[in-house]
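>
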Amino acid sequence: MPKLSIGLIGYGGIGRVHAAAYRAIPFYYGLPADSIRIAGVATTRAETARRAADEIGCEFYTSDYRELLARGDIDAVDICTPNNSHREIALAAAEAGLHVYCEKPLAMNVAEAARMAAAVDAAGVKAQMTFNFRFFPAVARARQLMAAGFVGRVFSFRGRYHRSSYISSEKPMSWRLQREITGGGALFDLGAHILDLLYSVLGEFAAVNGTLDTLIKQRPVAAGSAEMAPVAVDDIALLHARLADGALGTVEISRMGTGATNDLSFEIFGDKGAIRWDLNEPGWLQVYDARSSDSPLGGQRGFQRIEAVGRYPGQRAPDWTMTPDFMRAHAECQYQFIRSIWDDRPPSPSFADGLHIQRVMDAAERSSENGGWATVKHD
Numbered sequence: 334m335p336k337l338s339i340g341l342i343g344y345g346g347i348g349r350v351h352a353a354a355y356r357a358i359p360f361y362y363g364l365p366a367d368s369i370r371i372a373g374v375a376t377t378r379a380e381t382a383r384r385a386a387d388e389i390g391c392e393f394y395t396s397d398y399r400e401l402l403a404r405g406d407i408d409a410v411d412i413c414t415p416n417n418s419h420r421e422i423a424l425a426a427a428e429a430g431l432h433v434y435c436e437k438p439l440a441m442n443v444a445e446a447a448r449m450a451a452a453v454d455a456a457g458v459k460a461q462m463t464f465n466f467r468f469f470p471a472v473a474r475a476r477q478l479m480a481a482g483f484v485g486r487v488f489s490f491r492g493r494y495h496r497s498s499y500i501s502s503e504k505p506m507s508w509r510l511q512r513e514i515t516g517g518g519a520l521f522d523l524g525a526h527i528l529d530l531l532y533s534v535l536g537e538f539a540a541v542n543g544t545l546d547t548l549i550k551q552r553p554v555a556a557g558s559a560e561m562a563p564v565a566v567d568d569i570a571l572l573h574a575r576l577a578d579g580a581l582g583t584v585e586i587s588r589m590g591t592g593a594t595n596d597l598s599f600e601i602f603g604d605k606g607a608i609r610w611d612l613n614e615p616g617w618l619q620v621y622d623a624r625s626s627d628s629p630l631g632g633q634r635g636f637q638r639i640e641a642v643g644r645y646p647g648q649r650a651p652d653w654t655m656t657p658d659f660m661r662a663h664a665e666c667q668y669q670f671i672r673s674i675w676d677d678r679p680p681s682p683s684f685a686d687g688l689h690i691q692r693v694m695d696a697a698e699r700s701s702e703n704g705g706w707a708t709v710k711h712d
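This note's numbering puts the first residue of the sequence shown at 334, with every later residue one more than the last.
1. Quick check on the burial criterion: 16 or more other C-beta atoms within 10 angstroms. Buried or exposed for F521?
2. In this structure, does DSSP put F360 in helix, strand or coil?
3. Mind checking which residues open and close the alpha helix (DSSP H) that includes H663?
4. So the candidates are T708, H711 and M660; which of them puts its Cα closest to the Cα of A353?
5. Classify F490 as buried or exposed, calling it buried when 16 or more other Cβ atoms lie within 10 Å of its own Cβ.
6. Could you spell out where the alpha helix (DSSP H) holding M694 opens and where it closes?
7. Look at the Cβ atom of D406, then the Cβ atom of S338, and state whether they are nearer than 8 Å.
8. Any contact between the stretch 500-512 and the stretch 603-622? By contact I mean 3 or more CB pairs, one from each, below 8 Å.
9. Applying the 10 Å Cβ sphere with the 16-neighbour rule, what's the burial state of R465?
10. Can you list, in chain order, the residues of its chain whose CB lies under 8 Å from that of A697, leaving out five sequence neighbours each side?
11. For D367, count the other beta carbons within 10 Å of its own beta carbon; 16 or more makes it buried, fewer makes it exposed. Which is it?
12. Skipping 5 residues on each side, what residues in its chain have a beta carbon closer than 8 Å to that of L364?
13. Do A450 and A685 come within 8 Å of each other at the CB atom, strictly closer than that value?
14. Taking DSSP as the reference, what is the three-state secondary structure of I347?
15. Are R378 and Y394 closer than 8 Å when you measure CB to CB?
Shown next, in the form of structure tokens:
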């Protein structure tokens with residue numbers, strides 16, 4: 334395999350996850366240790382960039398990402414920055430002929446996302462989204478069963494992503510609560526993930542009827558401060574959604590889910606069967622086959638657990654029987670991006686997929702503001 338050099342831009346919590354996943358990929362797939370390397374890191378301050386380089390083990394660090402793009406020894410950039418910088422960095426990377434891996438959501442709004450998708454296509458570079466929850470084997474198994482017609486005609490579906498990260502009114506303002514930095518609240522932060530999961534398993538969205546609400550409308554500007562600032566993004570988003578094929582479902586998104594750490598799940602109900610998956614039981618998919626005999630006394634009908642555990646295609650180590658975790662799903666998502674470069678194939682999930690999710694979120698915001706159903710716009 335040719336060696337691949339990555340420029341990491343941003344090194345907060347998710348940047349660390351990406352860096353750790355790149356380091357783990359050779360162990361998972363039996364690759365030489367130097368086949369994938371982070372050649373440099375950029376953050377907004379020189380001191381944090383230096384600390385990041387020390388942790389990662391790379392020599393180059395900078396407080397100006399443009400210096401990283403100009404090095405000449407970078408093949409791809411990984412964007413782990415707040416949402417309001419995604420467009421600028423992705424466009425600059427595409428112009429430099431570099432492949433792009435970008436955290437969710439793709440952009441601040443549909444216009445930015447459309448420009449980014451067009452730019453990477455025009456530049457001929459690979460560009461992939463970080464929709465890492467797609468990369469649990471049980472989710473891949475759900476896609477396979479749906480493609481095979483296991484559930485038959487989809488009657489309805491349900492997705493949910495609840496966290497309890499903002500239930501305290503004393504939690505101070507952060508960049509995730511500032512619309513000028515994020516573009517949206519829980520809908521953008523958590524909703525992008527569950528909407529993409531449903532999209533990847535069920536197909537495109539056609540329309541949304543949503544209600545977005547801000548439950549804590551002001552917060553301290555800093556920890557312990559008496560000064561308050563208004564919160565202009567949503568804490569919770571409740572959606573009715575209709576797919577392109579007509580199926581109707583609900584999507585619940587909340588950063589106010591008391592007691593929930595990462596409560597992510599989906600259910601699909603059809604005339605032939607049903608499917609369930611829950612992140613709290615990541616190695617297993619639950620399925621119900623309505624074609625099973627219901628006699629005697631109900632036969633063997635009922636939801637059954639199918640083992641998916643760590644069955645990743647091409648994996649050589651470690652033990653596939655172990656339950657996958659958040660880091661493993663990130664590593665697989667990043668590995669598929671790298672394979673798209675090595676094999677010269679379209680990446681998935683692509684920027685076009687990220688653009689579709691941006692349009693779904695836009696429809697949800699328009700619906701909440703204006704009332705009623707809002708169409709998910711397409712080209």
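C-beta: ideal position from N, C-alpha, C; glycine also.
Let's see:
1. buried
2. If DSSP states are grouped into helix, strand and coil, F360 belongs with the helices.
3. F659 to W675
4. From the listed residues T708, H711 and M660, the smallest Cα separation to A353 is found for M660.
5. buried
6. F684 to N703
7. yes
8. no
9. Per the sequence shown, residue 465 should be read as Asn rather than Arg. By the 10 Å Cβ count, N465 comes out buried.
10. L520, G524, V541, G543, L545, A570, L572 and A707
11. exposed
12. M334 and I358
13. yes
14. helix
15. no
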